[in-house]
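Visitor: Each residue of the sequence shown is one higher than the last, beginning at 3 in this note's numbering.
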Amino acid sequence: MKGTGNKENEVEISTFRIAATYIGTVVGAGFASGQEVLQFFGYYGLSGFAGLILATIIFMLYGYIILKLGLELKARSHLEVIKEAGGKWLGLIIDAVITFFLFGALTAMVAGSGSIFEEQFAIPSFWGNLIMVVTSLGTTLLGINGVISAISFVVPLLLIGVFAVTIMTIVSNLPFGIGALEQVMPGQPPISSWFVSAFNYASYNLVIAVAVLAPLGREAKDTHRLKMGSIFGGLGLGIGAMSILLALLLNLPEVARYEIPMVYVSGRFSPWIQLIYSGILIAEVYTTAVGNLYGFVARLTDPDGPRYKLYVIITSICALIASQFGFTTLVRFLYPAVGYAGFLLLGGLTIGLVKSYGRQN
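(1) For the alpha helix (DSSP H) containing L302, list its first residue and its last residue.
(2) Could you tell me if L94 is buried or exposed, where buried requires 16 or more neighbouring beta carbons within 10 angstroms of its beta carbon?
(3) Could you tell me how far apart the beta carbons of N202 and I193 are, in whole angstroms, since I believe they sit closer than 8 Å?
(4) Kindly provide the ranges of any alpha helix (DSSP H) runs that are 4 or more residues long and lie completely inside the region 56-141, ordered along the chain.
(5) Can you tell me whether DSSP reads G350 as helix, strand or coil?
(6) Would I315 pass as a contact of L63 if the rule is Cβ separation under 8 Å?
(7) When you compare the CB positions of I146 and P217, do they come within less than 8 Å of one another, or not?
(8) Going by C-alpha distance, which of Q190, G293 and I233 is nearest F43?
(9) CB A21 to CB G231, shorter than 8 Å?
(10) As an exercise, report each continuous beta strand (DSSP E) stretch of at least 3 residues that is fully enclosed by the region 148-172, in chain order.
(11) So, T27 versus I210, is the Cβ gap smaller than 8 Å?
(12) DSSP three-state call for I212: helix, strand or coil?
(13) Give me the Cβ distance between G89 and A213, rounded to the nearest whole Å; I'm assuming they're in contact under 8 Å.
(14) If L439 and E286 are in contact, beta carbons under 8 Å, what's the gap, nearest whole angstrom?
(15) Alpha carbons only, please: which of G307, G344 and R19 is nearest the one belonging to S151?
(16) Helix, strand or coil, according to DSSP, for E261 in the structure here?
Rendered as structure tokens:
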């Protein structure tokens, strides 16, 4: 996007593309499959919706803070934003957490793709892992332009798919009382309360998002579009997650047995609907894998430098190897752990916002 005029840039980085990139960076194997929503909110019944409302507000607020700091600091990766937000020592810790989790989340996306291919297409999971790695690698080699284009194209398909499956679930379960939504996941939740779970959920997702939102803020060059993009992006994430939670609660306890619960729900209506949703899910896993891969490599080396392509290839191979641990295990243990560490990010970003307003006044 360098070298383009302001008018052309406004077309390229519109409010829609900011919101879509935000959504597409966050959603993926965990979100669109339903496994993530199930683990973080399925244990709390109706209170899970309260948790998702709180998470939506956090997404809107902190998404804007990241984008705004990215614009002000002309960030090339998340590092500039984190240094500004956290200072020397706290920034160092937050940076380490983000960099570690970008690779961990990339691994989870690759593992999730393997689960989808195995459960839905009877293809060995390794081949699903390999296909995801190769396609993500190819896109990421194109740089930030390729990442934004890929993500903003796929996001509308995901939201349409999620809303369609949820509407069909509601219609097929009519009439149902409020008691149907009070069902909870069996077993012990990974997090003790819906309130803490909401912060944890938003926190670890922002750890993922900052790697793409920071350089995206630099490219957009317009604070109003950044603000509206973060609002619509946060709303899209929140409403999409609430739709998934509704569909899952109406299908408990059966969905608890599946690694990809939303594909099970879609399969209740038609094999074709299940096949279509599986395709959408794979596309969403791909967008998040691309965002994570770009963010991780951009932190290690200059995206415009000579070592960028080599780092992309090496990271992709390492993620393929690490993905053999399995998808559900990664979601249940890795995500909450990084979410707690990501509380440091929320605190640092709050400090960064105060600094930003101080510079303006």
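From the three backbone atoms N, C-alpha and C, an ideal C-beta is built for every residue, glycine too.
Guide: Walking through what the data contain:
(1) P273 to L302 is the span of the alpha helix (DSSP H), which, as asked, contains L302.
(2) Label assigned to L94: exposed.
(3) Sure, about 6 Å apart at Cβ, within 8 Å.
(4) Listed in chain order, the alpha helix (DSSP H) elements of length 4 or more contained wholly in the region 56-141 are 80-123.
(5) Of the three classes helix, strand and coil, the one that applies to G350 here is helix, per DSSP.
(6) For I315 and L63, no; Cβs fall outside 8 Å.
(7) In this structure, I146 places its C-beta atom within 8 Å of the C-beta atom of P217.
(8) Residue nearest to F43 within the set Q190, G293 and I233 is Q190 (criterion: CA-CA distance).
(9) Going by C-beta atoms, A21 is nearer than 8 Å to G231.
(10) None, since the region 148-172 contains no complete beta strand (DSSP E) of that length.
(11) In contact: T27 and I210 (Cβ atoms closer than 8 Å).
(12) Contrary to the premise, residue 212 reads as Val rather than Ile in this sequence. It is helical.
(13) The pair is not a contact, with the Cβ atoms about 20 Å apart (cut-off 8 Å).
(14) What is shown of the chain runs 3 to 363, which leaves residue 439 out entirely.
(15) The shortest C-alpha to C-alpha distance from S151 to any of G307, G344 and R19 is the one to R19.
(16) Here E261 carries a coil assignment [DSSP, helix/strand/coil].
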